[in-house]
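Chemist:
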Amino acid sequence: MASPSPLLTFTRAHIPEITSTALLATYATLHHKLTPLGTLTGILTATLHMLHPNPTYFWLLMLFFALGTLVTRVGRAAKTHLTRSAAG
């Protein structure tokens, strides 16, 4: 019997990572959090992090995106108190 392909082996070993990447990419696209190029770059970056034998780096990347998305929810009214308006 032939051994499974490396791609199939990789996919089976990284089901949680692939699922979370797909969910975050879908969320980012549907809620306009990233441009299409930003979404593709995020997927590529996540895939590269999956290649590392230690999954900690991948999950830190996911945490970085999730927390970064939450932090940038500061409204325009709150931002006006923090910085000077460029409109004059």
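With the working numbering, letter number 59 in the sequence shown gets 58, and the count goes up by one each step, no holes.
Using N, Cα and C, we set each Cβ at its ideal position, and we do this for glycine too.
Quick caveat: nothing in here was measured; it's all calculated off a predicted structure.
1) Under 8 Å by Cβ, that's how I've got M61 and S4 pegged, so tell me the actual separation to the nearest angstrom.
2) Count the other C-beta atoms from every protein chain shown that fall within 10 angstroms of the C-beta of L47, then say buried if there are 16 or more, exposed otherwise.
3) With respect to the alpha helix (DSSP H) encompassing A1, which residues constitute its N-terminal and C-terminal limits?
4) Where does R11 sit, in a helix, a strand or coil, going by DSSP?
5) Does the distance from the C-beta atom of A45 to that of F63 stay below 8 Å?
Modeler: The answer reads as follows:
1) Not really, about 26 Å apart at Cβ, beyond 8 Å.
2) It counts as exposed.
3) A1 -> no alpha helix (DSSP H), and no H or E assigned at all.
4) helix
5) no
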